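One structure below.
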Amino acid sequence: MDLSIVLGTNDLQSPFLEVKGVTSIVIHKNFERSTMDNDIALLLLNTEIKFSGLKEPICMPRQPGPTKWNKCWVAGWGQTKPDDKNSESSDLKKVPIVIMDWRECTKVFPKLTKNMLCAGYANKSYDSCQGDSGGPLVCTTESDRKWYQVGIISWGRSCGQKNIPGIYTLLYNYGPWIKKVTEVEGRSYDPEKVRTEEVRAPPPETQMRSKASEFPEPSGPRLWLLLCLLSYILF
């Protein structure tokens, strides 16, 4: 299988990046290409990841709704200009994002399913873009200040358009599926047994643009690697 993942760096051209091979891809059996419903997969790596300050997993969300999320960010190495492949960056970019009300989002995307969430701004052009698919939408909460991966970048209508949100896979809905798949692979993930650590929220932005600067490196629980972070999205 000609697929690999990189670890331990924000710069894809760094001489210090770590590369690991992928032995199998577990695609959700109910994935629908026409609607992009159940747009999630897990990757099984050929060797174990040794976690460090630059390589840490992330918490699974324990609540479905956006009402209690504090600050949310999306990150990727994709295009910084719509429809311009030459605008892809080797440096990881990040941008703050706001999760939108699901019912309001159906006014823009009537075929939205309950396995999806919307994120964007009404009056700003912050967004994920082509080449970011499979990347994480992460949030903190006011109560515990931990990092949670709330969504996976999935699809959208162009990118960076005001009043047109991006669409993300709602990760909360897939906890049982992740647990089942990891049990079959002999690397069971049990969210009820995870011990999490307090982490820092991202610093305030002084200068922000779409896909601006490098993504802050949050800490997280030492748990079975949730490969939804490295999800492989089919096109």
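Numbering-wise (the UniProt record's numbering), the sequence shown opens with residue 1 and increments by one. Just so it is clear, CB atoms sit at the ideal spot from N, CA and C, and this is done for glycine as well. All values derive from a computational prediction rather than experimental measurement.
>> By the three-class DSSP mapping on this structure, what secondary structure does leucine 171 have?
In response: helix
> Between which two residues does the alpha helix (DSSP H) containing tryptophan 69 stretch?
Replying inline: Careful: tryptophan 69 lies outside any alpha helix (DSSP H), inside the beta strand (DSSP E) at 69-76.
> From which residue to which residue does the alpha helix (DSSP H) around glutamate 104 run?
Replying inline: 102-105
> Buried or exposed: which applies to valine 138, given that a residue is buried once 16 or more other Cβ atoms fall within 10 Å of its Cβ?
Replying inline: buried
> Can you give the Cα-Cα distance for alanine 75 and aspartate 91, rounded to whole angstroms?
Replying inline: 10 angstroms
> Is threonine 80 helix, strand or coil by DSSP?
Replying inline: coil
> Beta-carbon separation of residue 236 and tryptophan 147 under 8 angstroms?
Replying inline: Shown here, the chain extends from 1 to 235; a query on residue 236 therefore has no answer.
> Which word fits glycine 135, buried or exposed, when buried means at least 16 other C-beta atoms lie within 10 angstroms of its C-beta?
Replying inline: buried
> Leaving out the 5 sequence neighbours to the left and right, which residues in its chain are closer than 6 angstroms to phenylalanine 31 when beta-carbon positions are compared?
Replying inline: Asn38
> By a C-beta neighbour count over all protein chains shown, 10 Å radius and 16 as the cutoff for buried, is proline 15 buried or exposed?
Replying inline: exposed
> If tryptophan 155 sits next to isoleucine 167, beta carbons under 8 angstroms apart, how far is it from one beta carbon to the other, in whole angstroms?
Replying inline: 5 angstroms
>> Quick check on proline 23: does DSSP put it in helix, strand or coil?
In response: One point to set straight first is that residue 23 is threonine, not proline, in the sequence displayed. Threonine 23 falls in the strand class under three-state DSSP.
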